[in-house]
Amino acid sequence: MKNRNLRRFTLAAIFMLAATAYLAVNAAGRREKYEPCGPLPTPQQIAWQQMEMYAFLHYSINTYTDQEWGFGNEPAELFNPSHLDARQWAAVCKESGMKGIILTAKHHCGFCLWPSAYTDYSVKSSPWKDGCGDVVRELAEACREFGLKFAVYLSPWDRNHPQYGRPEYIEYFRNQLQELLTGYGEMFEVWFDGANGGTGWYGGADERRQIDRKTYYDWENTYRMIRQWQPDCLIWNDGGSRGDLRWVGTEAGYVGQPNWSLLMSSGDVPREQLQHGVEDGDRWVPGEVNTSIRPGWFYHSKEDGRVKTLAHLVDIYYKSVGRNGTLLLNFPIRPDGLIDARDSITGAAFGRYVQELFRDDLAKKAVRKNRGREVTLSFKEPVTCNRIVLQERIEWGQRVKSFRLEAFAGGVWTELKDELLPEDESLTTIGYKRIVCFPEIAAEKLRLTILDSKAEPVIGDIGVYLAPPVVEPL
Ligand code: FUL
Numbered sequence: 016m017k018n019r020n021l022r023r024f025t026l027a028a029i030f031m032l033a034a035t036a037y038l039a040v041n042a043a044g045r046r047e048k049y050e051p052c053g054p055l056p057t058p059q060q061i062a063w064q065q066m067e068m069y070a071f072l073h074y075s076i077n078t079y080t081d082q083e084w085g086f087g088n089e090p091a092e093l094f095n096p097s098h099l100d101a102r103q104w105a106a107v108c109k110e111s112g113m114k115g116i117i118l119t120a121k122h123h124c125g126f127c128l129w130p131s132a133y134t135d136y137s138v139k140s141s142p143w144k145d146g147c148g149d150v151v152r153e154l155a156e157a158c159r160e161f162g163l164k165f166a167v168y169l170s171p172w173d174r175n176h177p178q179y180g181r182p183e184y185i186e187y188f189r190n191q192l193q194e195l196l197t198g199y200g201e202m203f204e205v206w207f208d209g210a211n212g213g214t215g216w217y218g219g220a221d222e223r224r225q226i227d228r229k230t231y232y233d234w235e236n237t238y239r240m241i242r243q244w245q246p247d248c249l250i251w252n253d254g255g256s257r258g259d260l261r262w263v264g265t266e267a268g269y270v271g272q273p274n275w276s277l278l279m280s281s282g283d284v285p286r287e288q289l290q291h292g293v294e295d296g297d298r299w300v301p302g303e304v305n306t307s308i309r310p311g312w313f314y315h316s317k318e319d320g321r322v323k324t325l326a327h328l329v330d331i332y333y334k335s336v337g338r339n340g341t342l343l344l345n346f347p348i349r350p351d352g353l354i355d356a357r358d359s360i361t362g363a364a365f366g367r368y369v370q371e372l373f374r375d376d377l378a379k380k381a382v383r384k385n386r387g388r389e390v391t392l393s394f395k396e397p398v399t400c401n402r403i404v405l406q407e408r409i410e411w412g413q414r415v416k417s418f419r420l421e422a423f424a425g426g427v428w429t430e431l432k433d434e435l436l437p438e439d440e441s442l443t444t445i446g447y448k449r450i451v452c453f454p455e456i457a458a459e460k461l462r463l464t465i466l467d468s469k470a471e472p473v474i475g476d477i478g479v480y481l482a483p484p485v486v487e488p489l
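Start counting the sequence shown at 16; every next residue gets the next number (the numbering used here).
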């Protein structure tokens, strides 16, 4: 009896605690529950957004032919890495601050990095490990070992397959998807490239095959299967289909400002909307910024001198993660089966930069006062800072349309401008995370004012930092 009472009491206490977690002080100082605003993210979308940065690995027959897009007739025998080491890939990605890896299990050429039962155009027809190897498995295992999440890119366009363009191919595509999504553990994302160039080998037909991107793949049913096989896996969407996240309309490494995590579920999505989302969208579709550490996605020795600088990666970071997006950063695999040292050195410097950036949250030294649409941080001693990190609690929806930041220094309030935006652009959306970069200032107080929002703003953590200098690795 006593035990039961104790259990009841504990349950009630847990319930009360959970309830107050959902309560917050409103403008009048009363505690009340927020009203959700507009479309909300799923728990899976929130978990994915919290990853913030993850890597892309491009590797295929292209690696051996110095191409970006294979035609589909390149011999599988070309795939012959001498030192393939998925643990090296995982180590490099981990050091670069990545929380997961997406591997090109099959690119447009149709060559499969796993021994698919449905085609011979795969590692099993290559000399690597006498045809007994499986790159997907090796990487899935390495990711587990290094505490990284894992995912695959499976190109819908297949320039090798004889049936591509016909209904039979859809069955082949789904079979392959099933192999990948049921045979290699949990996947955090599945990437369906939107490229459909038309021409291809197609089992020897060597012709142009046009498909209707909206109807041919019957995405609706494929998505249903994915949800069954991998309920927590997010589906990438290039705008043409209804996925869980969106391409941002460029591969240059930035998302727009404003950036709404919303889209309209009907109609086409123009580039402009991919860049900025849609303020009044009726679906939660956050943006993913995909870009490569080199000009190409695949490895080309002629690009060895063109690895992005640390400064460039840092700029990309602020314009992706710092603008309510995630960053998907590509590392190409070399023909010997390793990531090049130039890429890994820059990647590690980037990882260290981000870690160093968030080492000391100066906001911890401040007294925070919330007054309606205004939050003030007051410091005992002036703090030297140049970054402010804002977050909306997106479980309640994305609300803020525009805001202002000010610093009190030397007896005056000065407006803080985002130095990565053009002079005349003011601050707009926040979303999951917004990092505002401004010239160093010794502030006694910092003030955030929400100027306009779709509903009562729900601001989470505010961080204040002094970014480390960008020192290029040798
Ligand atoms: C594009 C593809 O065509 C490129 O080859 C690359 O895979 C990139 C990530 O997506 O659409």
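A virtual CB, placed ideally from N, CA and C, is assigned to each residue, including glycine. These numbers come from a predicted model, not from an experiment.
Secondary structure at E186: helix, using DSSP grouped into helix, strand and coil. Taking every protein chain shown into account, the CB of M113 has 16 or more other CB atoms within 10 angstroms, so this residue is buried.
Judged by their CB atoms, A457 and T399 are nearer to each other than the 7 Å cut-off. Per the Cβ contact rule, the region 305 to 316 is not in contact with the region 278 to 295 (fewer than 3 Cβ pairs under 8 Å). W244 has its Cβ no nearer than 6 Å to any heavy atom of the ligand FUL. The way I'd put it, the region 117 to 127 does touch the region 162 to 173; three or more beta-carbon pairs between them come closer than 8 Å.
The DSSP-derived three-state label of A326 is helix. For L463, the closest alpha carbon among the candidates K229, E455 and V451 is that of V451. Fully enclosed alpha helix (DSSP H) runs of no fewer than 4 residues occupy 101 to 110 of the region 98 to 152, in order along the chain. Beta-bridge pairing by DSSP links M202 to no other residue.
Pairing I250 with V300 gives a Cβ-Cβ distance that is not under 7 Å.
CA-to-CA, the gap between L72 and G426 works out to about 52 Å. The Cβ-Cβ distance between V390 and Y49 does not fall below 7 Å.
Collapsing the DSSP output to three states places Y238 in a helix. Note on Q370: under 16 other CB atoms within 10 angstroms of its CB, so exposed under the neighbour-count rule.
Straight-line measurement puts the Cα of Y480 at about 11 Å from the Cα of K380.
The continuous alpha helix (DSSP H) containing H291 extends over residues R286 to H291. For D173, the CB stays at least 6 Å from every heavy atom of the ligand FUL. In this structure, G180 lies away from C124, with their beta-carbon atoms at least 7 Å apart. In this structure, the beta-carbon distance from V263 to Q290 falls below 7 Å.
Going by C-alpha positions, S97 is about 8 Å away from W143.
Annotation for G362: the continuous alpha helix (DSSP H) segment containing it runs A356 to L372.
When distances are taken from the beta-carbon of A120 to the heavy atoms of the ligand FUL, even the shortest one reaches 6 Å or more. Sorted by position in the chain, D208, A210 and W312 make up the residues whose C-beta lies under 5 Å from a heavy atom of the ligand FUL.
In this structure, the straight-line span from the alpha carbon of S359 to that of V107 is close to 6 Å. Rounded to whole angstroms, the gap between the alpha carbons of D433 and E455 is 12 Å. Beta bridge pairing from DSSP links V404 with I450 and G478. For E294, the closest C-alpha among the options T306, A470, Q64 and G475 is that of A470. For R257, no pairing in a beta bridge is given by DSSP. DSSP places D467 in the strand class (E or B) of the three-state scheme.
In summary, V486 is exposed, with fewer than 16 beta-carbon neighbours lying within 10 Å of its beta-carbon over all protein chains present.
Under the three-state reduction of DSSP output, Y217 falls in the helix class.
Ranked by Cα distance from E201, the first of Y187, Y184, R152 and E222 is R152.
In the structure shown, T78 adopts helical secondary structure according to DSSP, grouped into three states.
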